[in-house]
Amino acid sequence: MSAGPSHLAVAHPPPPAHFSSLIDGCATSRRLLEIHAAVLRSGLQAHPVVNFKLQRRYSSLGHLDRSLSLLLHLTPNPSVFSFSSAIHAHVLHGLHLSALRLYVQMLSSPITPNAFTFSSALRACAHLPPGPGPGLALHSQALRLGLASDPYVATALIDVYASSGDVISARTLFDRLPDENNLVSSTAMITCYAKAGELRHARQLFDRMPHRDCVCWNAMIDGYTQHGKPTEAVELFRKMLRSSVKPNEVTVISVLSACAQMGALESGKWVHSYIKNNKIWFNAQVGTALIDMYCKSGSLEDACQVFEEIKDKDVVAWNSLITGHAMHGRSREALELFSQLCDEGLQPTDVTFVGVLNACSHAGLVSEGRALFQSMEHVHNIEPKIEHYGCMVDLLGRAGLVEEAHDLMQSMRVEPDTVLWGSFLAACRLHKKINLGEKVANFLLSNGTANSGTYILLSNIYATLGNWEEVARVRTLMKQSGVQKEPGCSSIEVNNMIHEFIVGDLRHPKSREIYAMLDELKRLLKAQGYVPRTELVLHDLEEPEKERALGVHSEKLAIAFGLISTEPGTTIKIIKNLRVCVDCHEVTKLISRIMGRKIVVRDRNRFHHFIDGSCSCGDFW
DNA sequence: TTAGGGTTAG
């Protein structure tokens, strides 16, 4: 009678190779516990291979604690593989400090680290918060052991230097690599350049690579997205589609973020259909990027639809929808979503509160805002950050509670920044708290923290009073200080093309038609009794010049172009980099009525939906 | 073993 394997297994203790293959094929924690019990019964727990495989499988199934106690308490002489694997597992789980602690523990044993150990430990260093980390020490240890030129170690070192913005050291390492065309290290170098904002160097290296994979394309595309070059990001994505490399979910997240920056709804929808038609993995992150793109491109309806389609909605997905509603002035809905999120048993984050407080400030919901702000610390155990104070100062300040806003600023545990002072000054101007506003502005001018906004707000305060001498003085001061006002820029997407305009722009091929349309609009507006708000013009010009300066603001040019290049009756969508001025706001309301067009404007702060002579913001922005 | 992703005050 021939004995089968199971018969043998009962007659003799199973050989380590048997357990080894059982562990390799094990897919569940329950099964692993059974195998572990059998290992213990057979007395093989200290066998180096069996022990190592158990430890590694516990890690890969997410039981880092069991894996670690196996390593530290039940392994007589842990090998360099056991330690390295444990360090690697901690890095994979984002436990970078624990990974480094294990590395230190390993150094106090007789084990010498190998290339695998260094590549994992260095990866932990690259993810630590900025500052002088242990990366340099590890670099010198690797050099001493002759491991620094190993491709894996060198690539991890490039990442360490990339994380601290040290492009020179990264490049030195990269240049010493034996294979200059190594895909992974080249990608690491591209990422390093991109992080430092050196996109041209990144692109040079990218263009010279003989072979590129998806990760490499993603690194370059995301470099553009993260550094305010969304047009280049989308352009490179189109180029990628013409190559043989297939995009993945990481690619589309980055491209969607670029579309969101531009507010390019048509391009964003095109990426959305690409995702659907090419079976790109639709996870919560892709869903969130889509929600963000739709919100920032003016389509809250599409954003809501995508939200419904996400199977595992996490708090970040909720946050993007709440923030989107706040942006569009749908404050009540934003607060309703917040309640739903809590009802679902999810824990709101600090970002959630930025969203709901912002919703309150856009709608003047003072008591709701106060209650939510209080609940942050007392109910949800989240310490308010400067952004939250910013929302509150904005909310209180707009509502005319300027003193309460001032008190809140003084109670903060952090120093107010220029943004916060800016909101406060805007409130002083809005509610004519001239003395307080003057005091604050002069304080900012004297301590050197004033920005262009400070000068403009101070000048506006004086302009409101009709004090033109002071307006002129502030303007001279601004000139002398050398601070420059960021130029206003408006854009509109027509047929998948973004058209950009600055004030008085003559560069557009259809300039003549655009200015003819502006003249026509001016005539129609005057007939409606419109008077230009020339007090907003900062320059000391004569009245007709002031009118002309206002008349060619970038958003007016973009709207005129929209009117001549889109079908009558369709919605015109404009994106502006700064806040829309009072005059443009007034004019846009009138144009929406005269031309029978819905006009949606995204400014730096929020969305304005202009329909039939009024705006969704209720003139409160 | 290697590289890369989503939400954030004005």
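Using the UniProt record's numbering, read the first sequence as starting at 1 and increasing by one per residue.
Heads up, the beta-carbon is just placed ideally off N, CA and C, and yes, glycines get one too.
Looking at the strands, I want to know which residues DSSP matches up with H608. V601
Using 8 Å for Cβ pairs, my map puts T225 next to S267. What's the rounded Cβ distance? So it is not a contact: roughly 13 Å between Cβ atoms.
In angstroms with no decimal places, state the Cα-to-Cα distance between V582 and R533. 8 Å
Restricting to Cα atoms, I'd like to know which of F353, G345, I599 is closest to S320. F353
Span separating the alpha-carbon of L563 from that of D619: 23 Å
Note the first and the last residue of the continuous alpha helix (DSSP H) segment covering M220. For M220, the enclosing alpha helix (DSSP H) starts and ends at 214 to 226.
Can you tell me whether H585 is helix, strand or coil according to DSSP? helix
Is the CB-CB distance between L420 and G390 below 8 Å? yes
State the Cα-Cα distance for the pair S2 and I158, rounded to the nearest angstrom. Confidence at S2 is low in this model, with a pLDDT of 40, below 50, so its placement is unreliable and no value can be given for it.
6 Å Cβ shell around P384 - same chain, five flanking residues per side excluded: Here P384 has M376 as same chain residues with Cβ atoms under 6 Å from its own Cβ, once five neighbours each way along the sequence are excluded.
The beta strand (DSSP E) with E500 in it runs from where to where? 497 to 502
Taking all protein chains shown into account, decide if P5 is buried (16 or more other Cβ within 10 angstroms of its Cβ) or exposed. With a pLDDT of only 43 at P5, under the threshold of 50, the placement of this residue in the model should not be trusted; the figure read from the coordinates follows. Of the residues assessed, P5 falls on the exposed side of the cut-off, its CB having fewer than 16 other CB atoms within 10 angstroms.
Just list the residues that DSSP pairs I575 with in beta bridges. In the DSSP assignment, I575 is bridged to S491, R602.
Which residues bound the alpha helix (DSSP H) around V49? 48 to 60
Please classify C615: does DSSP put it in a helix, a strand, or coil? The answer is strand: DSSP assigns C615 an E or B state.
Identify whether N277 lies in helix, strand or coil by the three-state DSSP scheme. helix
So, under 8 Å CB-CB, G400 and H431 are touching, yes? Tell me the CB distance rounded to an integer number of Å. 5 Å
Reduced DSSP secondary structure (H/G/I, E/B, other) of D394: The answer is helix: DSSP assigns D394 an H, G or I state.
Helix, strand or coil: how does DSSP classify N319 here? N319: helix per DSSP, three-state reduction.
Go to L122, then tell me how far its alpha helix (DSSP H) extends in each direction, as first and last residue. 115 to 126
In this structure, how does DSSP classify F620 when only helix, strand and coil are distinguished? coil
Should Q484 go down as buried or exposed, given a rule of 16 or more other Cβ atoms within 10 Å for buried? exposed
Secondary structure at R242, three-state DSSP: helix, strand or coil? helix
For V474, collect the residues of the same chain with a Cβ closer than 8 Å to its Cβ; drop the 5 residues on either side in sequence, then sort them by chain order. Y455, L458, S459, Y462
Here's the rule I'm using: 16 or more other beta-carbon atoms within 10 Å means buried, otherwise exposed. How should V104 be labelled? exposed
Could you work out which residue in L138, A115, L183 is closest to D150 when comparing CA atoms only? Taking only the C-alpha atoms, the option nearest D150 is A115.
Tell me the residue span of the alpha helix (DSSP H) that contains K432. Looking at the DSSP string, K432 is not in any alpha helix (DSSP H), and its letter there is neither H nor E.
Option in Y58, S446, P48 with minimal Cα separation from G25: Y58
Under 8 Å, do Q347 and V393 count as touching if we go by C-beta distance? Cβ atoms of Q347 and V393: not closer than 8 Å.
V39 versus L102 - alpha carbon distance: Taking the straight line joining both Cα atoms gives about 26 Å.
Would you check if the distance between the CB atom of F610 and the CB atom of M327 is smaller than 8 Å? Against a cut-off of 8 Å, the Cβ pair of M327 and F610 comes out as no contact.
Hey, how far is the Cα of D603 from the Cα of P487? 14 Å
Please state whether DSSP places F282 in a helix, a strand or coil. coil
Looking only at its chain, what residues have a beta carbon closer than 6 Å to the beta carbon of R123, apart from the 5 residues adjacent to it on each side? V91, A156
Taking its Cβ as the centre, do 16 or more other Cβ atoms sit within 10 Å of L107, making it buried, or is it exposed? L107 comes out exposed.
Does the beta-carbon of M478 have 16 or more other beta-carbons within 10 angstroms, so that it is buried, or is it exposed? With a 10 Å radius around the Cβ and a threshold of 16 neighbouring Cβ atoms, M478 comes out buried.
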